[in-house]
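Going by the working numbering, the first residue of the sequence shown is number -3, and it counts up by one from there.
The beta carbon of each residue, even a glycine, is placed where N, CA and C say it ideally should be.
Following: one structure in structure tokens, then a few remarks.
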Amino acid sequence: MGYEILEEDCFYHIYNRGNNKEDLFKREENYYYFLKLMQKHLVPHFNVFAYVLMPNHFHLILQVACESSIAPQKLSNFFNAYSKAINKAFFRTGSLFQKPFQRKKINDENYLRNTIIYVHLNPQNHGFVDNFEKYKFSSFQIYKNEEQTFLCKGQTIELFDDLENFICCHRTFNNENFKDDFN
-3 MGYEILEEDC FYHIYNRGNN KEDLFKREEN YYYFLKLMQK HLVPHFNVFA YVLMPNHFHL
57 ILQVACESSI APQKLSNFFN AYSKAINKAF FRTGSLFQKP FQRKKINDEN YLRNTIIYVH
117 LNPQNHGFVD NFEKYKFSSF QIYKNEEQTF LCKGQTIELF DDLENFICCH RTFNNENFKD
177 DFN
């Protein structure tokens, strides 16, 4: 099977949803397992800038840090590992994800900033929470505290100048001005 090349050092918005709009995360521990697998499979090959995991879909902002030719296979291995675990745990068969992962190349810093914000606001925009800042399975939470993480916190905050502006930009973001086809 051939894979579309993901260019080294480039940023991508990676996203997907459950097959037939099924939930990808059926229990709370599934979210933690996905993050654990992400750290195991992706962190050696990608820089992770943002993520959000919602019951039936997810979004990741990644920078390719490995050879372009192996990047799609590393993502595929990650998604397959999660799919196999969920299928086994819930006695299910078949595809967990609707289709192969979707990707959108991020070509400039402004678009990168807007996409990070879009990802963090997604749970509120889809009605999972009233306030995106309180959503548990979003990297936004990690940016606001001092805990160790696999995220590229310093680089991300630098995109916004500082943490205060990072938070302010999220709170004042207007989704209507940021049209895209991520859903």
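is_contact[residue i, chain C] using C-beta, thresh 7 Å
i      : result
Leu147 : Protein chains in the displayed structure number just one, and chain C is not present.
Beta-carbon proximity of residue i to residue j, cut-off 7 Å
i      : j      : result
Val39  : Val115 : no
Ser79  : Leu92  : yes
Gln94  : Arg13  : yes
Leu147 : Ser135 : yes
Ala67  : Ile57  : no
Leu33  : Ala85  : no
Phe124 : Met50  : yes
8 Å contact criterion, which residue i and residue j should meet: CB distance rounded
i      : j      : result
Tyr8   : Lys101 : 6 Å
Gln98  : Tyr11  : 5 Å
His55  : Asn118 : 6 Å
Leu20  : Asn52  : 6 Å
Ile163 : Ser64  : About 34 Å separates the two Cβ atoms, so there is no contact after all.
Candidates the options, of which the one nearest residue i by Cα
i      : options                           : result
Gln137 : Ala77, Tyr11, Ile113 and Ala85    : Ile113
Phe156 : Asn52, Lys17 and Glu105           : Glu105
Glu24  : Lys132, Lys140, His166 and Asn161 : Lys132
Residue i versus residue j - alpha carbon distance
i       : j      : result
Phe74   : Val60  : 15 Å
Lys22   : Asn43  : 27 Å
Phe87   : Gln151 : 41 Å
Asn110  : Asn15  : 27 Å
Met(-3) : Tyr29  : For Met(-3), the pLDDT reaches just 41, beneath the cut-off of 50, and the residue's location in the model is therefore unreliable, leaving the point undetermined.
Leu159  : Ile153 : 6 Å
Asp177  : Glu142 : Because the pLDDT at Asp177 is just 46, under 50, the model does not fix this residue reliably, and the value given afterwards should be weighed accordingly. If you take the alpha carbons of Asp177 and Glu142, they lie about 33 Å apart.
Asn179  : Gln120 : Residue placement at Asn179 is poorly supported in this model, since its pLDDT is 45, which falls under 50; the coordinates are not used for a value here.
Start-to-end residues for the beta strand (DSSP E) that takes in residue i
i      : result
Arg99  : Gln98 to Ile102
Leu56  : His53 to Val60
Tyr11  : Phe7 to Arg13
Leu31  : Run containing Leu31: none in the beta strand (DSSP E); it sits in the alpha helix (DSSP H), Glu24 to His37.
Tyr139 : Where Tyr139 is concerned, there is no enclosing beta strand (DSSP E), although the alpha helix (DSSP H) it sits in stretches over Ser135 to Tyr139.
Tyr78  : No beta strand (DSSP E) contains Tyr78, which is instead part of the alpha helix (DSSP H) from Ala67 to Ala85.
For residue i, the first and last residue of its enclosing alpha helix (DSSP H)
i      : result
Asn106 : Glu105 to Asn121
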